[in-house]
Structures are given as structure tokens and as C-alpha cells.
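Undergrad: Numbering (my numbering), first residue to last: 6 to 147.
Virtual Cβ for every residue (Gly too), placed ideally from N, Cα, C.
Can you read through this structure? Questions will come right after.
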């Protein structure tokens, strides 16, 4: 791989700064050759998940303003005792740094297949005090 020229470095820096300033809004569309999944917009996620994510991002007042960069910085998500009855498959998309997730004390009776896929940093998952009798075999893959 050839090193970048000075002009290429400047152009890359400008793009990086623009992404930091403007953020990546809504759905992140990725071409197939990038091998990265498309993210579910925060505004399309379960309401309690939306609300908690928005509360964790400083300076953001709406789910529509949460960017992929914001999601990648979240390490802990406490959704315990939130009266959650069901979750959507994409509720935890983009939370690549998530280490701890609590879904305790809700009324979950099932989980969608692949709900936890992509959460490779997760080391703590609390599903206690729900109505779960079993988990899908592919709950962690997708």
C-alpha cells in the first residue's frame, strides 16, 4: 500500500473534521464491498431503548440526532425496570463498545434472533426478573 500524498492527507483530514462537526445522521448506508452492516436508525428502535440512548449522548435531544459515532462510544446501557415487553432486532446496532447491558426487571418473554450480534465487547448481560423461559440458539449471532 502506497503512503498518502500531502494532498490526500489534507483531504482525509477535512473529511474527518466534517464528520465530527456534522455527524452521520440517520441510517448509515454501507456498500456491500465494505462488509459492514447497515445500522438501524435510533428513531426506529424500541422507545425505551431510544430514550436511554438519547439520555446518554451529551448535547443530543432527539433520536434523529444520534450518530453512528455516538453509538460507538456507549459502554454501559441500563434498561432495567423500564416496562419493556418486547425488543426489536436492531435495538443494539452500532453499540460496538458496549460492555454492560441490563434488561432486568422487565416483562420480556422472548428475544429476537441476533439481538446481541455485534456486541463483541459485552462482558455483562443481566436478563434477570423477566418472563424468559428460553433463548434462541442464535441470540448472539446474526
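Here's the rule I'm using: 16 or more other beta-carbon atoms within 10 Å means buried, otherwise exposed. How should residue 143 be labelled?
TA: exposed
Undergrad: Can you give the Cα-Cα distance for residue 145 and residue 75, rounded to whole angstroms?
TA: 22 Å
Undergrad: Looking only at its own chain, which residues have a Cβ that is under 8 Å from the Cβ of residue 138, when we skip the five neighbours before and after it?
TA: 114
Undergrad: Taking the alpha-carbon of residue 103 as reference, which of 68, 89, 77 has the nearest alpha-carbon?
TA: 77
Undergrad: Considering only the alpha carbon of each residue, which of 109, 99, 119 lies closest to residue 46?
TA: 99
Undergrad: Grab me the residues of residue 51's own chain with a C-beta within less than 6 Å of its C-beta, minus the 5 sequence neighbours each way, in chain order.
TA: 92, 93, 96
Undergrad: What is the DSSP secondary structure of residue 53, reduced to helix, strand or coil?
TA: helix
Undergrad: Under three-state DSSP, which class holds residue 48?
TA: helix
Undergrad: If I follow the unbroken alpha helix (DSSP H) through residue 76, where does it start and stop?
TA: 73–76
Undergrad: In the structure shown, what three-state DSSP assignment does residue 70 receive?
TA: Helix at residue 70.
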